[in-house]
Amino acid sequence: MLAYLNGEFLPLENAQLHVSDLAIQRGYGIFDFFRVNERVPLYLEDYLDRFYRSSAIMGLEGVIDRPALKEVVYQLIRRNGMQEAGMKLILTGGYSPDAYHPVKGNFLVSQHPLVLPTAAQVAEGISIITYPYRREIADVKTINYIMGVWLLKKMKEARAADVLYHRDGIVSEFPRCNFFLVTRQGTLVTPANHILHGITRMRVLEVAPSACPVEVRDVRLEEVYEAGEAFLTSTTKGVLPIVNIDNRPVGSGKPGPVTLALRDLLRQRERAELQKSHQVQNS
Ligand SMILES: Cc1ncc(COP(=O)(O)O)c(C=O)c1O
Numbered sequence: 025m026l027a028y029l030n031g032e033f034l035p036l037e038n039a040q041l042h043v044s045d046l047a048i049q050r051g052y053g054i055f056d057f058f059r060v061n062e063r064v065p066l067y068l069e070d071y072l073d074r075f076y077r078s079s080a081i082m083g084l085e086g087v088i089d090r091p092a093l094k095e096v097v098y099q100l101i102r103r104n105g106m107q108e109a110g111m112k113l114i115l116t117g118g119y120s121p122d123a124y125h126p127v128k129g130n131f132l133v134s135q136h137p138l139v140l141p142t143a144a145q146v147a148e149g150i151s152i153i154t155y156p157y158r159r160e161i162a163d164v165k166t167i168n169y170i171m172g173v174w175l176l177k178k179m180k181e182a183r184a185a186d187v188l189y190h191r192d193g194i195v196s197e198f199p200r201c202n203f204f205l206v207t208r209q210g211t212l213v214t215p216a217n218h219i220l221h222g223i224t225r226m227r228v229l230e231v232a233p234s235a236c237p238v239e240v241r242d243v244r245l246e247e248v249y250e251a252g253e254a255f256l257t258s259t260t261k262g263v264l265p266i267v268n269i270d271n272r273p274v275g276s277g278k279p280g281p282v283t284l285a286l287r288d289l290l291r292q293r294e295r296a297e298l299q300k301s302h303q304v305q306n307s
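One gets this note's numbering by counting positions in the sequence shown from 1 and adding 24 to each.
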């Protein structure tokens, strides 16, 4: 498996950084992650928009320009030959002489097998817990997942598949996913603030108006407990139904009809996107 590091294609096991990198010293860096399906980097432009935006906000330098980055992505797809994969872009704070001030970053692109939800999770839905926390600089995809990783033990004890953050009574997101609920009246609602703007969330918001009314606004924790349906979204999880929150069933306790309809619409949208990309490649 090949990776790309600072201008070079090399075996993934040789893609190494020095310990003085600010990512190791202070946890300072950004990343992004997209899916490769049928050798197509799905919605690549959206992920690149987010990645360049993250680097600008965090004051990080060292990433190559957009055409060069796309060339790296397509070369890795060609040379690694994986039909289905995840691809990760990482930009670190660099080899900081005083271990505090960012310098020119190290830029890495790597490809990985996809870790998808289990068939049971997709069919039956998942149980989640909630936890009082809000991510720092939430709209940037930083490499800081300290709370999410720390909460893994609590999730395991509660037999929960994920944990929903809330603060001051307002819910935001999961460590790696966005949150949606469907009210008992059938309106789709998703938090507006203190979130990473997920690409999957954006796609759901694009397709949803054909299925139901949509509201993007602050969501109170009590509303979550009263919801008719709930689900999470992410690049690897797609639309994943939530059937239990803090030991309380959501609605009927089964994946709801709006959730399933949106999951289908999202898949259709993906299918159309892949077909469009294949046509461009073949023309
Ligand atoms: C904090 C956070 N929220 C939401 C998401 C989902 O975003 P996307 O749909 O772009 O994968 C992610 C993805 O890693 C994330 O880290």
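Cβ atoms here follow ideal geometry from the backbone N, Cα and C, with glycine treated the same way.
7 Å or more divides the Cβ of A184 from the Cβ of I219.
In this structure, ligand 1 has a non-hydrogen atom nearer than 6 Å to the beta-carbon of E197.
For K112, the secondary structure class from DSSP, reduced to helix, strand or coil, is strand.
For E69, the closest C-alpha among the options L115, V97, V263, T211 is that of V97. When DSSP states are grouped into helix, strand and coil, S307 belongs to the coil group. Per DSSP, the continuous beta strand (DSSP E) segment holding N268 begins and ends at 262 to 269. Checking the DSSP bridge columns, you'll see P273 partnered with N268. Below 8 Å, enough C-beta pairs join the region 277 to 296 and the region 252 to 266 to call them touching: three or more. With respect to R200, R158 sits apart: the two C-beta atoms are not nearer than 7 Å. Between ligand 1 and S258, a heavy atom-to-CB distance of less than 6 Å is present. L68: member of the alpha helix (DSSP H) spanning 68 to 81, first to last residue. In this chain, the alpha helix (DSSP H) harbouring R225 covers 223 to 231.
Just so you know, the alpha carbons of A162 and I81 end up roughly 12 Å apart. G172 is not bridged by DSSP to any residue. Judged by pairs of C-beta atoms under 8 Å, the region 45 to 59 does not touch the region 201 to 217, as fewer than three such pairs exist.
With a cut-off of 8 Å on Cβ pairs, the region 86 to 93 is in contact with the region 59 to 76, counting three or more such pairs. Of the other Cβ atoms in all chains shown, 16 or more fall within 10 Å of the Cβ of I269; this residue is therefore buried.
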